[in-house]
Amino acid sequence: MPRKYVIGIDLGTTNSALSYAEVPADAGELGPANVQALPIPQLANPGEVRDDDLLPSFLYLPGASDFPGGSLALPWDAERAFTVGQLARQRGAENAGRLVASAKSWLSHSGVDRTAPLLPFQAPEGVARISPVEASRRYLEHLREAWDSKMADTPFTAQQVLVTVPASFDAVARELTLDAARLAGYQNITLLEEPQAAFYAWIERHADWRDRVRLGDLILVVDIGGGTTDFTLIAVTERAGELSLDRVAVGEHILLGGDNIDLALANTVAQRLAEKGTRLDSRQLQALWNNCRIAKEKLLEPGATAKEQPVTILGRGSGLVGGTIKAKLHRDDVDRVIAEGFLPAVSSAEANAAPAF
Amino acid sequence: MNRVFLAFGCFFNILFRGQLSDAALGMLGLSRRGTAAATSGKAAAPGPAATPAPAGKPSDGALQILSIMQRDSRLLDFLMEDLTTYSDDQIGAAVRELHDQCRDSVSRYITLQPVIDGVEGTFAQAPSKDPGVVKFVGNVPAKPPSGGTLRHKGWRAAKVDLPALPAKQDATILAPAEIEIE
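Sequence order for the protein chains is A and B.
Heads up, the numbering used here is the position in the first sequence plus 189, with the first residue counted as 1.
Heads up, the numbering used here is the position in the second sequence plus 24, with the first residue counted as 1.
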């Protein structure tokens, strides 16, 4: 069967996604590709399947008292006993002992046996664990099943599949990613480095890219994800008279991302509340974390002029209004936390003198 | 009938007819398998007649939407709370939070549209004489007029997309109790 589609899979630490483009019938004709995201069916609530462009990379391994029987059914599997995606993340926030998260970070951790059953890391006694490879397999399998369910005429195994990996992944991590994909029933797999994929996307959107970059330019690709950040340097060189791109340097895989920025903001607000005598429990802190993210996005919107955003934490239990805590997130807080805490501007002398961790 | 008659009656019923008579069933407080399934409308295991079979009652949809609004925005917690002692400020802060979440939740399942898509305070045609669709107020003449000043656009559910309720779930439980393990 001729391959009709090229499928691109971003197997992320916090979120995964699948996009695809039709292979042009005339291979000589290189026009702009029409890249579309596949809406991925997943459980949003027990018994409720919802389509979303993103599949949160979370896996929940339920016990008997977590969900009503049969409520984890997917359109392609009525008997499913675990769940991947939004519901997994949501329920996992309530019961962390059964949540597998950040499996991708574990895949790159050379200090453990990545094929051994390790996760959930905080699983209590009696909860069966799985390996990071197995968790990755389940995310990849869910994506394949989603494709086969939405595009039944063009089966997944007959298409060309690209799976992205961080440029900082070592050979073992890359091989384990391929293993997970093969175990998930993938064929025709090619691994692609994430910064290169990001750069190809930039090229695809700018037909005049050759006019925008010059020979000798260094391009920095900054990928700040939910829980991880990667910096990559790409040099513009020449090959056979044409401009070409070479990856020249890759930073260490940093286990900090947008979620950490939001958590730092939440801690700033929590500290101000503590100074006034209000203490927050762990669930309220989680709600504050989420509200700070939303407030931060509003403050940083292009064209936004507000100096502060209200952040409200509703009371627990039935005393919703009575227990409501009001706080504010200031634009100054956001600028300070991001600039000083995460992306400080330093001179190159300072940067070179800083100890390497 | 006393017990001896009942016992012999049942014996002969089963021996010659292969089933118990209606009178015997009544005496023993049982119902037939076939009728139980017909009244419940679902393939439910037959139990003693005392237990009500879980049927798709009309009120289930109402309970479901309340349950969804509680789950997504804690609307019931808000409605059932005694607000008399709280300041407007405090109520306002909670309501802002609740309002966004509740509206997003309802919109996901029910698409709401106005009955008359016009500007309140200007003239609007009545699309129908049906009192369920248009309510006339003010100096209403004997014969219903064709239109007047629009005071409320009305609400219509254009699309209802609720997830199917699992068969065994008790629709009367709108939100489970929550117990934390330290």
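Note that the Cβ used here is the ideal one computed from N, Cα and C, for glycine as well.
Short CB-CB distance (under 8 Å) between residue i and chain B
{"i": "Lys339 of chain A", "result": "no"}
{"i": "Gly315 of chain A", "result": "no"}
{"i": "Val526 of chain A", "result": "no"}
{"i": "Lys515 of chain A", "result": "yes"}
{"i": "Pro264 of chain A", "result": "no"}
{"i": "Ser299 of chain A", "result": "no"}
{"i": "Pro499 of chain A", "result": "yes"}
{"i": "Ser254 of chain A", "result": "no"}
{"i": "Pro228 of chain A", "result": "no"}
{"i": "Pro384 of chain A", "result": "no"}
{"i": "Val535 of chain A", "result": "no"}
{"i": "Pro309 of chain A", "result": "no"}
{"i": "Leu462 of chain A", "result": "no"}
Range covered by the beta strand (DSSP E) that runs through residue i
{"i": "Ile38 of chain B", "result": "Where Ile38 of chain B is concerned, there is no enclosing beta strand (DSSP E), although the alpha helix (DSSP H) it sits in stretches over 27-41."}
{"i": "Leu404 of chain A", "result": "Taken as a continuous stretch (DSSP letters only), Leu404 of chain A belongs to no beta strand (DSSP E), as it is neither H nor E."}
{"i": "Ile198 of chain A", "result": "194-200"}
{"i": "Leu434 of chain A", "result": "431-439"}
{"i": "Tyr209 of chain A", "result": "204-211"}
{"i": "Val13 of chain B", "result": "This structure cannot settle anything about residue 13 of chain B, because the visible part of chain B is limited to 25 through 206."}
{"i": "Ala290 of chain A", "result": "288-290"}
{"i": "Glu206 of chain B", "result": "Per DSSP, Glu206 of chain B belongs to no beta strand (DSSP E) and is neither H nor E."}
Whether residue i touches residue j by CB criterion (8 Å)
{"i": "Leu381 of chain A", "j": "Thr346 of chain A", "result": "no"}
{"i": "Thr501 of chain A", "j": "Arg180 of chain B", "result": "no"}
{"i": "Ile423 of chain A", "j": "Val411 of chain A", "result": "no"}
{"i": "Val224 of chain A", "j": "Leu232 of chain A", "result": "no"}
{"i": "Ala373 of chain A", "j": "Arg403 of chain A", "result": "no"}
{"i": "Leu518 of chain A", "j": "Lys496 of chain A", "result": "no"}
{"i": "Gly447 of chain A", "j": "Gly415 of chain A", "result": "yes"}
{"i": "Tyr389 of chain A", "j": "Ser205 of chain A", "result": "no"}
{"i": "Asp435 of chain A", "j": "Thr421 of chain A", "result": "no"}
{"i": "Glu105 of chain B", "j": "Gly511 of chain A", "result": "yes"}
Assumed close pair residue i, residue j - CB separation to whole angstroms, cut-off 8 Å
{"i": "Ala117 of chain B", "j": "Thr513 of chain A", "result": "6 Å"}
{"i": "Val350 of chain A", "j": "Ile196 of chain A", "result": "5 Å"}
{"i": "Leu103 of chain B", "j": "Ala199 of chain B", "result": "Not really, about 12 Å apart at Cβ, beyond 8 Å."}
{"i": "Val289 of chain A", "j": "Ile319 of chain A", "result": "7 Å"}
{"i": "Ser291 of chain A", "j": "Thr202 of chain A", "result": "5 Å"}
{"i": "Met93 of chain B", "j": "Ser129 of chain B", "result": "6 Å"}
{"i": "Leu445 of chain A", "j": "Phe531 of chain A", "result": "7 Å"}
{"i": "Phe310 of chain A", "j": "Ala277 of chain A", "result": "Actually they are not in contact, since the Cβ atoms of Phe310 of chain A and Ala277 of chain A sit about 15 Å apart, beyond 8 Å."}
{"i": "Lys515 of chain A", "j": "Pro533 of chain A", "result": "31 Å between Cβ atoms; not a contact."}
{"i": "Gln275 of chain A", "j": "Asp241 of chain A", "result": "7 Å"}
{"i": "Ala459 of chain A", "j": "Leu469 of chain A", "result": "6 Å"}
Start-to-end residues for the alpha helix (DSSP H) that takes in residue i
{"i": "Pro230 of chain A", "result": "It is not in any alpha helix (DSSP H) - Pro230 of chain A instead sits in the beta strand (DSSP E) that spans 229-234."}
{"i": "Glu334 of chain A", "result": "321-339"}
{"i": "Ile392 of chain A", "result": "383-394"}
{"i": "Lys485 of chain A", "result": "471-488"}
{"i": "Arg127 of chain B", "result": "112-133"}
{"i": "Thr366 of chain A", "result": "360-372"}
{"i": "Glu464 of chain A", "result": "447-464"}
{"i": "Asp101 of chain B", "result": "99-103"}
{"i": "Leu107 of chain B", "result": "Leu107 of chain B -> no alpha helix (DSSP H), and no H or E assigned at all."}
{"i": "Ala277 of chain A", "result": "275-283"}
CB contact below 8 Å: residue i versus chain A
{"i": "Ala182 of chain B", "result": "no"}
{"i": "Met104 of chain B", "result": "yes"}
{"i": "Ala67 of chain B", "result": "With a pLDDT of 40 at Ala67 of chain B, under the threshold of 50, the modelled position of that residue is not reliable, and the figure given next carries that caveat. No, Ala67 of chain B does not count as interfacial toward chain A."}
{"i": "Arg127 of chain B", "result": "no"}
{"i": "Gln94 of chain B", "result": "no"}
{"i": "Pro78 of chain B", "result": "Any reading at Pro78 of chain B must be qualified, since the residue scores a pLDDT of 49, below 50, and its modelled position is unreliable; no value is offered."}
{"i": "Ala201 of chain B", "result": "no"}
{"i": "Gln193 of chain B", "result": "yes"}
{"i": "Pro70 of chain B", "result": "Because Pro70 of chain B sits at a pLDDT of 43, beneath the cut-off of 50, its placement in the model cannot be relied upon, and the point is left open."}
{"i": "Pro187 of chain B", "result": "yes"}
{"i": "Leu87 of chain B", "result": "no"}
{"i": "Pro138 of chain B", "result": "no"}
{"i": "Leu90 of chain B", "result": "no"}
Member of the options whose CA lies at the smallest distance from the CA of residue i
{"i": "Gly85 of chain B", "options": "B:Ser97, B:Pro187, B:Glu144, B:Pro200", "result": "B:Pro187"}
{"i": "Ala253 of chain A", "options": "A:Ala390, A:Arg287, A:Asp266", "result": "A:Arg287"}
{"i": "Arg192 of chain A", "options": "A:Pro235, A:Ser471, A:Asp342", "result": "A:Asp342"}
{"i": "Val523 of chain A", "options": "A:Ile450, A:Gly508, A:Ala210", "result": "A:Ile450"}
{"i": "Thr366 of chain A", "options": "A:Leu488, A:Ser208, A:Ile198, A:Val535", "result": "A:Ile198"}
{"i": "Thr135 of chain B", "options": "B:Ala150, B:Ser170, B:Leu189, B:Ala182", "result": "B:Ala182"}
{"i": "Arg27 of chain B", "options": "B:Asn37, B:Gly42, B:Glu144, B:Ala48", "result": "B:Ala48"}
{"i": "Thr467 of chain A", "options": "A:Gly504, A:Arg482, A:His442, A:Gly492", "result": "A:Gly504"}
{"i": "Gln385 of chain A", "options": "A:Val526, A:Ala396, A:Pro355", "result": "A:Pro355"}
{"i": "Ala455 of chain A", "options": "A:Ser208, A:Tyr249, A:Asn479", "result": "A:Asn479"}
{"i": "Val212 of chain A", "options": "A:His442, A:Tyr194, A:Cys481, A:Ala267", "result": "A:Tyr194"}
{"i": "Cys126 of chain B", "options": "B:Pro138, B:Arg98, B:Asp141", "result": "B:Arg98"}
{"i": "Arg428 of chain A", "options": "A:Ala362, A:Ile413, A:Ile443, A:Gly405", "result": "A:Gly405"}
Anything in the region 234-247 of chain A with a Cβ closer than 9 Å to a Cβ of chain D? List those residues in chain order, please. This model lacks chain D altogether, as its protein chains are A and B.
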